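2 protein chains.
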Amino acid sequence: MNNHTLFQKFVAFSAAVHQMTNELTKDVKSEALTPVQYKIVEYIAVSQPVTLSEISECMLMSMPNTSRELRKLGEKQFIEKVTDDEDRRKQYIRLSEKGAAMMGEAFQRIESRFIKHMEKISEEELQEIERALDLLHSKVFY
Amino acid sequence: MNNHTLFQKFVAFSAAVHQMTNELTKDVKSEALTPVQYKIVEYIAVSQPVTLSEISECMLMSMPNTSRELRKLGEKQFIEKVTDDEDRRKQYIRLSEKGAAMMGEAFQRIESRFIKHMEKISEEELQEIERALDLLHSKVFY
DNA sequence: CAATTTACTTATCATTTGATAAGCAAAGGG
DNA sequence: CCCTTTGCTTATCAAATGATAAGTAAATTG
């Protein structure tokens, strides 16, 4: 097994993951959100509480633009900002109730598509899949 | 193992894959390309030859917008269009020499980052990883 | 062979996004 | 206590993107 072959598998695999998440998440986002805004909310949902800088870094967008989008998300009441008591420059960001409800619905729709996608898979295979997910998550994608 | 727990692992895993591909592909794209254009070229690179409709469907963008971006990519000479002989409405799209060279460079940079990322992993683990990639690719992400 | 469908194009306009400059207040360091 | 750094904001402008309407030519269908 040489590294180059592994890399090619990695590329093909990543492409497949992207394509599948595209399909599963197609049309689940609230109409009130732009694509970038939805991505941000999704990121906050899985990583909250999170600071503006962290969002900016992870989403590969500049601080000013991140700040603007968060302001809009705040105006639409999907998120809340809380100033850190220790370091009053920092803003901890989390979903508001409305934002959490919205993401809850989105994830439900994604989950039911996912379960449908996996319905023909045996219990044994599911366990193999789980092990594979854990392995890759810990050793490759972290 | 219930489906819901598996789904949560799936979500966390997909997020990790996205984040890692983000990091690996950061700044590799030619300055001549916009983000969307780079994504299209990347897709063509791994799926060529491909039709405009297929790109449109996979990238979740409308035909008019896909057509516009492909025209720009053609003008910049990254891609070539060939009309199908059988069905003269169809356009088969592939990378031009310039486009292939550009993607070749990009993939080389991504690969060297990837290899660095994996350098501390033993031969045995690499084989496990390969098996896990194959398993997930065939049973979950297809 | 007329009518419909498919694959794609052109044009246009509003909206989103990216990039940059300038600023502010809190924290930290000498 | 000044100076620098950090974390974030505001404002502005160009460029990219999304959405829609309208159209063409080739293929298919009744």
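Those sequence lines, one after another, are chains Y and P.
Going by the numbering used here, the first sequence opens with residue 1, and the numbers climb by one from there.
Going by the numbering used here, the second sequence opens with residue 1, and the numbers climb by one from there.
All residues carry an ideal CB built from backbone N, CA and C; glycine is no exception.
Note that this is a predicted model, so its numbers are computed, not measured.
Taking just the CA atoms, how far does Met59/Y sit from Asp27/P? In this model, Asp27/P and Met59/Y are separated by some 13 Å (Cα to Cα).
Does the beta carbon of Lys139/Y sit closer than 8 Å to a beta carbon anywhere in chain P? Flagged as an interface residue toward chain P: Lys139/Y, by a C-beta distance shorter than 8 Å.
Cross-strand partners of Thr51/Y (DSSP beta bridge): Tyr92/Y
So which residues on chain P does Val46/Y lean against when the C-beta distance must stay under 9 Å? Val11, Ala12, Ala15
Rounded Cβ spacing between Ile93/P and Leu52/P (contact assumed at less than 8 Å): 7 Å
For Thr66/P, does the three-state DSSP call read helix, strand or coil? helix
Measure how close the beta-carbons of His137/Y and Phe10/P come, nearest whole angstrom, since I'm counting them as under 8 Å. That belief does not hold up - the Cβ atoms of His137/Y and Phe10/P are roughly 10 Å apart, past 8 Å.
Return the chain-ordered list of same chain residues with a C-beta closer than 8 Å to the C-beta of Ile44/P, the five sequence neighbours on each side being excluded. Once the five neighbours on either side are set aside, the close Cβ partners of Ile44/P are Val50, Ile55, Ile79, Ile93, Arg94, Leu95, Gly99.
What are the start and end residues of the alpha helix (DSSP H) that includes Lys9/P? 3-25 is the span of the alpha helix (DSSP H), which, as asked, contains Lys9/P.
As a quick exercise: from Glu105/P, Glu123/P, Val41/P, Lys29/P, pick the residue whose alpha carbon is nearest that of Lys72/P. Residue Val41/P is the option with its Cα nearest to Lys72/P.
In the DSSP output, which residue or residues are listed as bridge partners for Thr83/P? Gln91/P
Pull up the distance between the alpha-carbon of His4/P and that of Glu111/Y, whole angstroms please. 8 Å
Check whether the Cβ atoms of Ala16/Y and Tyr142/P sit closer than 8 Å, and answer yes or no. yes
So, under 8 Å CB-CB, Lys76/P and Ile121/Y are touching, yes? Tell me the CB distance rounded to an integer number of Å. So it is not a contact: roughly 44 Å between Cβ atoms.
Backbone secondary structure at Met102/P - three-state DSSP: helix
Which word fits Thr66/P, buried or exposed, when buried means at least 16 other C-beta atoms lie within 10 angstroms of its C-beta? buried
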